[in-house]
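Each residue of the sequence shown is one higher than the one before, counting from 72 in our numbering.
All C-beta atoms, glycine included, are put in the ideal place defined by N, C-alpha and C.
All values derive from a computational prediction rather than experimental measurement.
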Amino acid sequence: MLAKRIIPCLDMTAGRVVKGIKFKNLRDAGDPPELGELYSRQGADELVFLDVTASSDKREILIDVVKRTADRVFIPFTVGGGIRSLDDVRQILCAGADKVSINTSAVENPELIFQSARRFGSQCIVVAIDAKRVYENRTDRIVVDTPEGKCWWDVYTYGGRKPTGIDAIKWAIQVEEKGAGEILLTSMDCDGTKNGYDIPLTRKICEAVNIPIIASGGAGNLEHIYEVLTAGKADAALAASIFHYGTYTIKEVKKYLAERNVPVRL
């Protein structure tokens, strides 16, 4: 069995790492290069860097911050936010990223997934899916019976600002067919709440596709991470608040998982 990955996330705006709740009320969490280096030293398996307002502000990602962060980390490094073209992908990779994450541009132009994967390799292309529950029982959506009621998940773009009406599970299947090498799946309902990941969403998408799924949104304690990697079937767990504000270290998370027979790189 492949080792499960633990991935800190640096959500950035205006050159600073921020963290909010359900994509709102952002507060400062530190300097991207400094935090990236800290997590690299702590033993993180990868690092995800997202410029969360680049698409909504219709601007390019802050390349200088990407370069400064890449100079200080020695683990795989994924960068996303405001990437709209093959040239943008190339620019991010040349700045030091190992992978790029696309969301809004992938929804608006699904062929960008195929073109990027063909040009740079599927292993470089991560499609981010920001999904929010809609409590409706519709025949044209994949409806799941959750403890809170029957629902489907709507895909959002522009940093969680725009609902698309696209079924997240169906979109994940299409993303794989287009050549993406990985999916970064964020539950908007759980993001920043520290109440746990959306297990039904994560499990359903993991079962629907054959590419790795990074689960994001809701980590508040060690049990939450264990749960999403086991019951949720995720290949990796992404977290922000619990690392940024010193609740847990990467080492503490991995020790907890290893003691419960979850394969991790110690």
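Cβ neighbours of Val19 in the same chain (closer than 7 Å, five flanking residues each side left out): Nothing can be reported for residue 19, as the shown portion of the chain is limited to 72 through 337.
Reduced DSSP secondary structure (H/G/I, E/B, other) of Leu256: strand
Cutoff 8 Å; reference Arg274; Cβ partners in own chain excluding five residues on either side: Ala302, Gly303, Lys304
Alpha-carbon to alpha-carbon, Pro104 and Val324: 22 Å
Close beta carbons around Ile134, own chain, < 6 Å, minus the five adjacent residues each side: Ala166
Buried or exposed (CB count within 10 angstroms, at least 16 for buried), Lys221: By the neighbour-count rule (16 or more Cβ atoms within 10 Å), Lys221 is not buried but exposed.
Backbone secondary structure at Pro234 - three-state DSSP: strand
Pro79 - partner residues in DSSP beta bridges: Ala310
Classification of Asn281 by the beta-carbon crowding that lies within 10 angstroms, buried from 16 upward: exposed
Touching by the beta-carbon criterion (3+ pairs, under 8 Å), the stretch 208-216 and the stretch 175-195: no
Lys249 (DSSP reduced to helix, strand or coil): helix
From Trp223, Glu294, Trp242, residue whose alpha carbon lies closest to that of Asp260: Nearest of Trp223, Glu294, Trp242 to Asp260, Cα basis: Trp223.
Buried versus exposed call for Gly236 [16 or more other C-beta atoms within 10 Å across all chains shown]: The Cβ neighbour count for Gly236, taken over all protein chains shown within 10 Å, is under 16; the residue is labelled exposed.
Sheet register partners of Ala286 (DSSP bridge): Leu256, Ala308
Outcome for Tyr297 when other beta-carbon atoms lying within 10 angstroms are tallied against a minimum of 16: Buried, by the Cβ-count rule.
DSSP state of Asp116 mapped onto helix, strand, coil: coil
Straight-line gap, Val335 to Ser287 (C-alpha atoms, nearest Å): 18 Å
8 Å Cβ cutoff met for Leu293 and Tyr316: Taking 8 Å as the Cβ cut-off, Leu293 and Tyr316 do not qualify as a contacting pair.
Whole-angstrom distance between Ile244 and Arg18, CA atom to CA atom: A query on residue 18 cannot be resolved here, the shown segment of the chain reaching from 72 to 337 and no further.
Status (buried if at least 16 other CB within 10 Å, exposed otherwise) for Leu272: Buried, since its Cβ has 16 or more Cβ neighbours within 10 Å.
As assigned by DSSP and simplified to three states, the class of Cys277: helix
Cβ shell of Ala279 (< 7 Å), same chain only, five flanking positions each side left out: Ile240, Ala243, Ile244
Reference Asn208; option with closest CA among Gly289, Asp225, Asp201, Ile173: In this structure, Asp225 is the residue among Gly289, Asp225, Asp201, Ile173 with its C-alpha nearest to the C-alpha of Asn208.
As assigned by DSSP and simplified to three states, the class of Cys261: Coil, per DSSP.
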